[in-house]
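Input: a single structure, listed below in structure tokens.
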DNA sequence: ATCCCTCGAGTTCA
DNA sequence: CTCGAGGGAT
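Residue numbers (our numbering): 1155 to 1846.
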């Protein structure tokens, strides 16, 4: 066995230098790709280098060092994380929720420093990433430890996991900059930042989990936190996390004058520093930055939940110091939260007009994006079990599409004891009739014929805006009619007299007249509205319009056989059976008789095919000024077009009003023609119709 | 049998 | 707005 010049520590010299060379090239490629977003070598070339290094290291295991790029693939599973004591505590920041509170922060700083109000303080504004705060410790420029923030004083040692994140340098660069203020890599430095997951990667992970039947993550932040705290770092390695660095904890052997200098130095050393940083000369510029990002944040490929404002001068920072657990020299401006946590007080079961039983979560009221929310639908029994929502649970809620509240997930760690699982009652909570859930269906239904909840629901539907449009007769008034035995079915509305209404609670003469008047006006409703108003299962606005067009009168629909019904466009066996069954019922015959008696027997106006609209599929979105969406749909239908509610490649035209949302986006991405309300009205005029 | 497109139904708050 | 399911095309 020969030793000597050819061998060093058991490794041939030329091998040692090749290993070193490959590592340098891989590190540089990683830096350019993950930190700078400007790759210089191809993926294939990168893979080739990686494989060569892996081979060499397999052959010479002594050559493996902790900062070798091969070590990013993850280590074997751990049983738990060791606690990690932060040398300098990772403090939390005080919050500001609007511009006034930022101004107050500025004044507080000045007062504390004994400055007059006119002298501006320089601030650094940064985006506040919605991820997991972590700290990285480097000795001699090599990553030796990484930890979560934890409670600020003690976190968890997750070095192995953080090592797998490609945006984190395993060894620090010596500054590439020539400028005299460039900082050399210090012997010891603790760097802080936020580990996040970009939207694309978040989506990819959830799709993968969905396929594997695993629960999906509610948001990128949760996914990032879950990934970073994996006991098996090989899983973390597959999650493509990234990290933005924004500060330092303990450090030695380097001097800084400002926070901005620190950020520049971090960039020089090879960390990923977010480019959207602004040095603001005064607090007004800070407010401008905040306003600017309120909308611009939507276009970022990752989530931010606000911004961070820091006094730039480290000297001033030191003079300001800290109060309890947060520094006086920094503040976090938080955008209004789109999510919040609250507690489930009760899971109530509602009965709809079709008898559908819907579980609804009644929650401790909580503010979500500007409104107080206290209830949210849980859709159906399966949904409740899927999310495993139980009474007394703490849940995360959000407003879907910025409007309708929904329960995102249960915070399992906060569950106390073992609350009972939700079960759908087997008797209707309103009328006590049996509850049935059809084979393969998601909804359970009350089978009661005379269920008051269903009757009430049918009445509300009958009078609703898109049905008979009886303005001034709302749910409260209908309840009184029903409770006083004045009406039993929708047709009874037409035999109500003003003397019957006036004695009712909170009913002035004027409102009574209005109600009677609105009922009278509704007699003019067209056939499709009447069919829709009857509330036949599976018959909504579109199907009602089809039936009206095809048959022309209620009588004709009633006399149609199941087979004849199924011949109508868009009506198949299920809908045909439902319609036939509806008209077979004695109650229906009775209602129709009473309606006719009241003079309600509309015929459908034939559609007038126009050149402009015939055969076109049109979607209306957003708020329009001159017309309601419903009126517009009715109008174009009469002119031969097919109004639709969703945009697809079959859509010919999208009319976008004010504040149009996802439908407009979809139309643009599909290349569907989009016009404004004014252009639409012009088209209508061309078609020879006047709008009042 | 399977996929895609639509429609229907239920829901929240100011 | 979203989910589930019916209808029709493939």
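Glycine residues also receive a C-beta, built at the ideal position from the N, C-alpha and C atoms.
Same chain, Cβ closer than 7 Å to residue i, neighbours up to 5 away in sequence not counted
{"i": "residue 1857", "result": "The shown model of the chain, from 1155 to 1846, leaves out residue 1857, and the question about it has no answer."}
{"i": "residue 1340", "result": "1405, 1406, 1407, 1408"}
{"i": "residue 1728", "result": "1692"}
{"i": "residue 1246", "result": "1306, 1479, 1480"}
{"i": "residue 1160", "result": "Confidence in residue 1160 is poor, its pLDDT being 39 and thus under 50, which makes the residue's placement unreliable; the coordinate value appears in the next sentence. Closer than 7 Å at the Cβ level, and outside the excluded window around residue 1160, lie 1166, 1167."}
{"i": "residue 1719", "result": "1725, 1730, 1733, 1734"}
Helix, strand or coil at residue i [DSSP, three-state]
{"i": "residue 1263", "result": "helix"}
{"i": "residue 1682", "result": "helix"}
{"i": "residue 1390", "result": "helix"}
{"i": "residue 1173", "result": "helix"}
{"i": "residue 1838", "result": "helix"}
{"i": "residue 1622", "result": "coil"}
{"i": "residue 1297", "result": "strand"}
{"i": "residue 1652", "result": "helix"}
{"i": "residue 1432", "result": "strand"}
{"i": "residue 1204", "result": "helix"}
{"i": "residue 1638", "result": "coil"}
{"i": "residue 1774", "result": "strand"}
{"i": "residue 1802", "result": "coil"}
{"i": "residue 1425", "result": "coil"}
{"i": "residue 1791", "result": "helix"}
{"i": "residue 1534", "result": "coil"}
{"i": "residue 1325", "result": "strand"}
{"i": "residue 1461", "result": "strand"}
Own chain, CB closer than 6 Å to residue i, minus 5 neighbours either side, in chain order
{"i": "residue 1763", "result": "1794"}
{"i": "residue 1287", "result": "1303, 1348"}
{"i": "residue 1379", "result": "1286"}
{"i": "residue 1768", "result": "1794"}
{"i": "residue 1457", "result": "1284, 1374"}
{"i": "residue 1239", "result": "1308"}
{"i": "residue 1617", "result": "1624, 1627"}
{"i": "residue 1766", "result": "1837, 1840, 1841"}
{"i": "residue 1318", "result": "1226, 1228, 1387, 1390, 1391"}
Buried or exposed by the 16-neighbour rule on C-beta atoms within 10 Å, applied to residue i
{"i": "residue 1465", "result": "buried"}
{"i": "residue 1157", "result": "Confidence is the limiting factor: at residue 1157 the pLDDT is only 38, short of 50, which leaves the residue's position unreliable and the question unanswerable from this model."}
{"i": "residue 1632", "result": "buried"}
{"i": "residue 1110", "result": "What the structure shows of the chain is the stretch from 1155 to 1846, and residue 1110 is not part of that stretch, so it cannot be assessed."}
{"i": "residue 1435", "result": "exposed"}
{"i": "residue 1743", "result": "exposed"}
{"i": "residue 1828", "result": "buried"}
{"i": "residue 1500", "result": "exposed"}
{"i": "residue 1271", "result": "exposed"}
{"i": "residue 1166", "result": "exposed"}
{"i": "residue 1717", "result": "exposed"}
{"i": "residue 1377", "result": "buried"}
{"i": "residue 1313", "result": "buried"}
{"i": "residue 1811", "result": "buried"}
Spatial distance of residue i from residue j (CA atoms)
{"i": "residue 1237", "j": "residue 1294", "result": "23 Å"}
{"i": "residue 1594", "j": "residue 1822", "result": "37 Å"}
{"i": "residue 1643", "j": "residue 1756", "result": "19 Å"}
{"i": "residue 1486", "j": "residue 1356", "result": "25 Å"}
{"i": "residue 1441", "j": "residue 1253", "result": "6 Å"}
{"i": "residue 1529", "j": "residue 1268", "result": "50 Å"}
{"i": "residue 1428", "j": "residue 1190", "result": "10 Å"}
{"i": "residue 1567", "j": "residue 1548", "result": "9 Å"}
{"i": "residue 1661", "j": "residue 1782", "result": "29 Å"}
{"i": "residue 1749", "j": "residue 1803", "result": "42 Å"}
{"i": "residue 1195", "j": "residue 1363", "result": "32 Å"}
{"i": "residue 1585", "j": "residue 1606", "result": "7 Å"}
{"i": "residue 1328", "j": "residue 1241", "result": "25 Å"}
{"i": "residue 1492", "j": "residue 1257", "result": "24 Å"}
{"i": "residue 1817", "j": "residue 1263", "result": "47 Å"}
Same chain only: Cβ atoms within 8 Å of residue i, ignoring 5 sequence neighbours per side
{"i": "residue 1677", "result": "1648, 1752, 1753, 1754"}
{"i": "residue 1176", "result": "1203, 1206, 1207, 1210"}
{"i": "residue 1443", "result": "1279, 1432, 1434, 1461"}
{"i": "residue 1786", "result": "1774, 1778, 1797, 1809, 1834"}
{"i": "residue 1354", "result": "1455"}
Supposed close pair residue i, residue j - CB separation, criterion 8 Å
{"i": "residue 1463", "j": "residue 1399", "result": "At roughly 18 Å, the Cβ-Cβ gap does not stay under 8 Å, so residue 1463 and residue 1399 are not in contact."}
{"i": "residue 1797", "j": "residue 1774", "result": "7 Å"}
{"i": "residue 1498", "j": "residue 1515", "result": "5 Å"}
{"i": "residue 1281", "j": "residue 1290", "result": "In fact, because the Cβ distance is near 19 Å, the residues do not count as touching under 8 Å."}
heavy atom of the ligand COA below 7 Å from residue i C-beta
{"i": "residue 1618", "result": "The ligand COA is not among the ligands present in this structure, which contains no ligands whatsoever."}
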